[in-house]
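The structure appears below as structure tokens.
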Amino acid sequence: MAFAGIPSRLPQVGTTIFTVMSRLATEHGAINLSQGFPDFSPPALLPERVAAHMAAGRNQYAPMAGAQPLREAIAEKAARLYDRRYDAEAEVTVTAGATQGLYTAIAACVRFGDEVIVFAPVYDSYVPAIELNGGKAVYATLRFPDYRPDWDEVRALIGPRTRMIVVNTPHNPTGTVWTADDMETLESLVRDTDIVVLSDEVYEHMVFDGRHESVARRPGLAERSFVVSSFGKTYHLTGWKIAYCLAPRELMAEFRKAHQFLVFAVNHPM
């Protein structure tokens with residue numbers, strides 16, 4: 001008999017809107033506001049350093065967790081900005097972009113039937129990653145005009161199947177920046193639970209008033225959180241797809257179990 005194809009794991013999912021809108025922008029010569037990438041070049045030093053590393057022979061596999069000097073620099077950055085010391089050897093992993101880091105954290109934690117709370121409107125990779133790993137996305141709504149979290153709603157959504165809460169601040173697409181009070185409330189909600197927090201912080205350096213509040217800054221959150229950030233947005237090199245994940249040792253051990261079979265390692269000279 002003829003091959004009948006396969007049942008879709010994601011029957012409601014089409015091509016990502018970023019691809020669709022970027023293609024339309026190119027076709028019509030329009031300004032592309034669909035994707036989070038800048039229209040100016042990175043600092044000249046960065047391509048020069050990459051070329052130097054390539055010429056020096058760093059063209060084979062990087063260590064599975066990422067190049068040691070880069071992991072040490074990331075750990076130093078977290079300590080300087082958020083007063084949290086991560087062990088570069090066991091608690092920092094370099095990823096092939098933030099989306100891979102987010103997917104890997106979800107794959108490491110979410111099991112069939114688990115629920116994951118996300119804040120809508122939601123970055124489009126979260127829900128497919130949850131569903132591919134057997135979980136169910138549960139939506140907390142960010143409402144116009146200020147798009148602030150409704151913590152009473154979040155509290156009501158937490159149940160016995162809640163495995164993870166996905167945080168995104170500064171928020172894509174609304175631009176909302178969580179406050180210290182938001183983080184304090186989240187910390188109180190997950191206290192005395194086994195809920196894991198996944199914090200997407202790729203826009204951490206794009207706060208124009210106040211300051212970015214990272215879950216890494218609060219011990220009660222940091223002990224149960226994966227923190228994902230990226231170099232692409234900050235240094236204008238989204239095409240390099242270099243990002244990282246921070247997590248306490250026990251969580252990072254599970255993260256790396258999945259990471260090693262998704263990408264093994266990332267671009268070495270970069």
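By this note's numbering, the letter at position 181 of the sequence shown is numbered 181, and the numbering carries on one by one without gaps. Every residue, glycine too, gets a C-beta built ideally from N, C-alpha and C.
Environment of residue i [buried if 16+ CB atoms lie within 10 Å]
{"i": "Met1", "result": "exposed"}
{"i": "Gly101", "result": "buried"}
{"i": "Lys241", "result": "buried"}
{"i": "Pro170", "result": "buried"}
{"i": "Asp200", "result": "buried"}
{"i": "Thr272", "result": "Given a span of 1 to 270 for the chain in the structure shown, any question on residue 272 remains unanswerable."}
{"i": "Val167", "result": "buried"}
{"i": "His28", "result": "exposed"}
{"i": "Ala78", "result": "buried"}
Own chain, CB closer than 7 Å to residue i, minus 5 neighbours either side, in chain order
{"i": "Phe40", "result": "His236"}
{"i": "Asp124", "result": "Thr16 and Ile17"}
{"i": "Ser22", "result": "Asn32, Ser34 and Gln35"}
{"i": "Tyr110", "result": "In the sequence on display, residue 110 carries Val and not Tyr. Cβ neighbours of Val110 beyond the five flanking positions: Val116, Ile130, Asn133, Gly134, Gly135, Arg163 and Met164."}
8 Å CB neighbourhood of residue i in its chain, flanking five on each side removed
{"i": "Leu10", "result": "Pro128, Glu131 and Leu132"}
{"i": "Ala140", "result": "Ile117, Val118, Phe119, Ala120, Pro149, Asp150, Glu153, Val154 and Leu157"}
{"i": "Arg249", "result": "Asp87, Ala90 and Glu91"}
Between the CA atoms of residue j and residue i - distance to the nearest angstrom
{"i": "Ala107", "j": "Phe226", "result": "12 Å"}
{"i": "Tyr82", "j": "Leu46", "result": "25 Å"}
{"i": "Ile74", "j": "Asn267", "result": "16 Å"}
{"i": "Pro7", "j": "Gly134", "result": "15 Å"}
{"i": "His205", "j": "Pro43", "result": "16 Å"}
{"i": "Ala52", "j": "Pro69", "result": "15 Å"}
{"i": "Pro278", "j": "Ser188", "result": "Here the chain comprises residues numbered 1 to 270, so residue 278 is not present and cannot be evaluated."}
{"i": "Asn59", "j": "Gly239", "result": "18 Å"}
{"i": "Val207", "j": "Arg224", "result": "25 Å"}
{"i": "Leu24", "j": "Arg49", "result": "35 Å"}
{"i": "Tyr126", "j": "Ala56", "result": "38 Å"}
{"i": "Gln12", "j": "Gly220", "result": "37 Å"}
{"i": "Gly66", "j": "Val263", "result": "11 Å"}
{"i": "Arg84", "j": "Arg218", "result": "9 Å"}
Supposed contact pair residue j and residue i - C-beta distance, whole angstroms, cut 8 Å
{"i": "Glu91", "j": "Leu246", "result": "6 Å"}
{"i": "Phe255", "j": "Ala88", "result": "Their Cβ separation, rounded to whole angstroms, is 15 Å, which puts Phe255 and Ala88 out of contact at 8 Å."}
{"i": "Val196", "j": "Lys233", "result": "So it is not a contact: roughly 24 Å between Cβ atoms."}
{"i": "Ala272", "j": "Val228", "result": "Residue numbering for the chain in the displayed model covers 1 to 270; residue 272 lies beyond these limits and cannot be assessed."}
First through last residue of the beta strand (DSSP E) which encompasses residue i
{"i": "Ala56", "result": "Unbroken run through Ala56: none, as it is neither H nor E."}
{"i": "Met271", "result": "The shown model of the chain, from 1 to 270, leaves out residue 271, and the question about it has no answer."}
{"i": "Tyr126", "result": "Not the beta strand (DSSP E): Tyr126 falls in the alpha helix (DSSP H), residues Tyr126 to Leu132."}
{"i": "Leu70", "result": "Here Leu70 belongs to no beta strand (DSSP E); instead the alpha helix (DSSP H) covers Gln68 to Tyr82."}
{"i": "Ala243", "result": "Ala243 to Leu246"}
{"i": "Asp200", "result": "Val196 to Asp200"}
{"i": "Ala137", "result": "Lys136 to Thr141"}
{"i": "Ile117", "result": "Glu115 to Ala120"}
{"i": "Phe226", "result": "Ser225 to Ser230"}
Residue i - containing alpha helix (DSSP H), residue span
{"i": "Asp181", "result": "Ala180 to Val190"}
{"i": "Phe275", "result": "Shown here, the chain extends from 1 to 270; a query on residue 275 therefore has no answer."}
{"i": "Leu24", "result": "Ile17 to His28"}
{"i": "Val154", "result": "Trp151 to Leu157"}
{"i": "Ala265", "result": "First-last for Ala265: undefined, no H or E at that position."}
{"i": "Thr93", "result": "Not the alpha helix (DSSP H): Thr93 falls in the beta strand (DSSP E), residues Val92 to Thr95."}
Cut-off 6 Å between Cβ atoms - residues of its own chain near residue i, not counting five sequence neighbours on either side
{"i": "Gly97", "result": "Lys241 and Ala243"}
{"i": "Pro269", "result": "Val50, His53, Met54 and Arg58"}
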